[in-house]
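Each remark here refers to the structure printed beneath this line.
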Amino acid sequence: MSALLDRLGVELPIVQAGMGGGIARHELAAAVSEAGGLGTLGILPADRLAAELRAARERTRRPVAVNLLLPFARAAHWSVAAEADAVVTFWGRPRRRVAGVWLHQCGSVREALAAHRAGADGVIVQGMEAGGHVRGTHPALGLLEQARATLPAGYPILLAGGLADAADVERALAAGADAAVLGTRFLTSDESRAHPAYKARVGESEETVLTELFGLGWPAPHRVLRNAATDRWLSGRDPRGPRGIRALNRVTAPLARRLPPLDPGRFQRPDRPLLSPQPPTDDGPSSLLDSGPLYAGETAGRIHDVRPAADLVRDLSGVGAAR
Ligand SMILES: Cc1cc2nc3c(=O)[nH]c(=O)nc-3n(C[C@H](O)[C@H](O)[C@H](O)COP(=O)(O)O)c2cc1C
Numbered sequence: 497m498s499a500l501l502d503r504l505g506v507e508l509p510i511v512q513a514g515m516g517g518g519i520a521r522h523e524l525a526a527a528v529s530e531a532g533g534l535g536t537l538g539i540l541p542a543d544r545l546a547a548e549l550r551a552a553r554e555r556t557r558r559p560v561a562v563n564l565l566l567p568f569a570r571a572a573h574w575s576v577a578a579e580a581d582a583v584v585t586f587w588g589r590p591r592r593r594v595a596g597v598w599l600h601q602c603g604s605v606r607e608a609l610a611a612h613r614a615g616a617d618g619v620i621v622q623g624m625e626a627g628g629h630v631r632g633t634h635p636a637l638g639l640l641e642q643a644r645a646t647l648p649a650g651y652p653i654l655l656a657g658g659l660a661d662a663a664d665v666e667r668a669l670a671a672g673a674d675a676a677v678l679g680t681r682f683l684t685s686d687e688s689r690a691h692p693a694y695k696a697r698v699g700e701s702e703e704t705v706l707t708e709l710f711g712l713g714w715p716a717p718h719r720v721l722r723n724a725a726t727d728r729w730l731s732g733r734d735p736r737g738p739r740g741i742r743a744l745n746r747v748t749a750p751l752a753r754r755l756p757p758l759d760p761g762r763f764q765r766p767d768r769p770l771l772s773p774q775p776p777t778d779d780g781p782s783s784l785l786d787s788g789p790l791y792a793g794e795t796a797g798r799i800h801d802v803r804p805a806a807d808l809v810r811d812l813s814g815v816g817a818a819r
């Protein structure tokens, strides 16, 4: 048993990744935690995040984590995060902002060392196979091996990227991970708030692309399924996307972070070069299925069903499926 999971009171070494923009809300996080894993709420505006944490607490007494994307985390987000059992940060200089358990998701050994120095209670190392925003530039298991060899013995290291079934989890744990962190597999659960057609497309797709296309307000690499927008803009040789769009994403980023959240359903079209990071959710505009990012990892090619999160937790941890 990992000392970190023990400290948190988490029974099984399965962590559901925080998925922002409204995908991982209380239904998913509570279902994962209630099944014995660690559920994580994805970032939302702070008042909505607080409401999600309250709703999750009504469904489970087990630990629940909150994920904060550092470029978008404001003081009000940190106040909410302080109420969670753990905070997972991503994308930015690691710095302790809460008294409780703090994990930082990293894409390199260098970043993991910085998080350790900053007092993180553990790190998640993310391989380049991962879905969503991708910090990793190496395959997950290689990065884990390097991180284990560099960080102090016993320091908690969790692994994210490319994990979708019990054999993957077993391999990760055997290679020294304290726990497995999964995004794409939980995206395709009944409880995730991804648009149902988005979940179906994960099941149908064999291929993903690592791009910078949907970077309006957040110019950072991300792995997505192909859709009408990627077909329109990624026909050239550079999968990152046309230079003009990437330049526009960069120059508008500081402004976009200061303005109230935009409503991409109003302006986003597959053929318009204004492509925001908002994914399609079950309560958002369906037009984002064609014009928005369908974040998914390389495991999309191996995932062909949508299942209850509790069944996934049990299957992934090898304690026996509910069916
Ligand atoms: C739909 C989706 C949304 C994501 N959103 C976030 C996020 O808001 N914050 C974060 O730290 N990571 C996010 N990630 C990345 C995950 O933390 C994790 O690194 C990744 O899902 C692991 O790879 P996998 O998708 O192959 O399981 C997201 C991933 C996906 C698939």
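The sequence shown lines up with residues 497 to 819 when you count with this note's numbering.
No residue lacks a Cβ here, since even glycine has one placed at the ideal position from N, Cα and C.
State the beta-bridge partners of Trp439 as determined by DSSP. Nothing about residue 439 can be reported from this structure: the residues present for the chain run from 497 to 819 only.
Residues that DSSP places opposite Val720 in a beta bridge: Val705 and Tyr791
Quick check: what's the CA-CA separation for Val506 versus Gly533? 6 Å
Is the beta carbon of Val677 closer than 8 Å to that of Ala656? yes
Between the region 688-707 and the region 770-781, do at least 3 Cβ pairs fall closer than 8 Å? yes
Which listed residue (Leu683, Pro735 and Glu579) has its alpha carbon closest to that of Ile519: Leu683
If you draw a straight line from the C-alpha of Ala752 to the C-alpha of Trp587, how long is it? 17 Å
Per DSSP, which one or two residues make a beta bridge with Thr777? Ala690
Helix, strand or coil for Leu639 per DSSP? helix
Contact under 8 Å by Cβ, Leu755 with Gly737: Going by C-beta atoms, Leu755 is not nearer than 8 Å to Gly737.
Would you identify the three-state DSSP class for Gly535, choosing helix, strand or coil? strand
Own chain, CB closer than 6 Å to Ser813, minus 5 neighbours either side, in chain order: Leu508 and Ile510
Buried or exposed: Asp801, going by 16 or more other Cβ atoms within 10 Å of its Cβ? exposed
Taking the alpha carbon of Tyr791 as the reference point, which residue from Val584, Ile653, Ala569 and Gly628 has its own alpha carbon closest? Gly628
Please tell me whether, using a cut-off of 7 Å, the distance from the CB of Ile539 to the nearest non-hydrogen atom of ligand 1 is below it. yes
For Glu666 and Gln619, the rounded distance between their alpha carbons: It is worth fixing the name first, because residue 619 is Val in this sequence and not Gln. So the two alpha carbons sit approximately 19 Å from each other.
Ligand 1 and Leu566: does the residue's C-beta get closer than 7 Å to at least one heavy atom of that ligand? no
Taking Cβ to Cβ, would you say Ala552 is nearer than 8 Å to Ala572? no
Rounded to the nearest angstrom, what separates Ala825 and Ala547 at their Cα positions? Only positions 497 to 819 of the chain appear in the structure, and residue 825 is not among them; the question remains open.
If you draw a straight line from the C-alpha of Asp811 to the C-alpha of Ala662, how long is it? 6 Å
Do you know how far the Cα of Arg558 is from the Cα of Leu524? 13 Å
At 3 residues or longer, what runs of the beta strand (DSSP E) sit wholly inside the region 510-564? 510-512 and 535-537
Any idea if Asp734 is buried or exposed, counting beta-carbon neighbours within 10 angstroms, 16 or more meaning buried? exposed
Would Leu771 and Ile741 qualify as a contact pair, given that the criterion is a beta-carbon distance under 8 Å? yes
Does ligand 1 have a heavy atom nearer than 7 Å to the CB of Phe586? yes
Buried or exposed by the 16-neighbour rule on C-beta atoms within 10 Å, applied to Thr646: exposed
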